[in-house]
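**Q** Dropping a structure here in structure tokens format, bear with me for questions.
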Amino acid sequence: MLENKARDIILLDVRGLTDIADFFVICSCDSDIHVKAIAENVREELGKEDIGSWKTEGWQGMNWVILDYVEVVAHVFYHEKRRFYKLERLWADAKIEHIADTA
55 MLENKARDII LLDVRGLTDI ADFFVICSCD SDIHVKAIAE NVREELGKED IGSWKTEGWQ
115 GMNWVILDYV EVVAHVFYHE KRRFYKLERL WADAKIEHIA DTA
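Numbered continuously in this note's numbering, the sequence shown closes out at residue 157.
Structure (structure tokens):
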């Protein structure tokens, strides 16, 4: 996500809060093209490690693409949709780690 200039990347540790996954990775994008580029990059990079997604959704509208890798679910949001759905608030009990580009 950092490679493609995603913004506001966070890691939510949802272990003990849900059986859906252990972690959610959430990022914001500036356009639908940006959403697509980041989601495709995540899928390609994990595919190089022979890690395939269990399920993906949201490729039609490019406002919110979900890449479900069972233990980790990546949420690639168009920034306005992220503000609307407020996953961070929904999972407020989760431990949150902000991911920053340290390069």
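Here a beta-carbon is modelled for each residue, glycine too, at the ideal position from N, C-alpha and C.
Who are the Cβ neighbours of R143 in its own chain at under 6 Å, not counting the five residues just before and after it?
**A** Excluding positions up to five away in sequence, the list is empty.
**Q** Assign I92 to one of three DSSP states: helix, strand, or coil.
**A** Helix.
**Q** Is DSSP giving E57 helix, strand or coil here?
**A** Coil.
**Q** Could you tell me whether the Cβ atoms of L121 and V96 are closer together than 8 Å?
**A** Their beta carbons are under 8 Å apart, which means L121 touches V96 by this criterion.
**Q** With 16 as the cutoff for other CB atoms within 10 Å, does G106 come out buried or exposed?
**A** Result: exposed.
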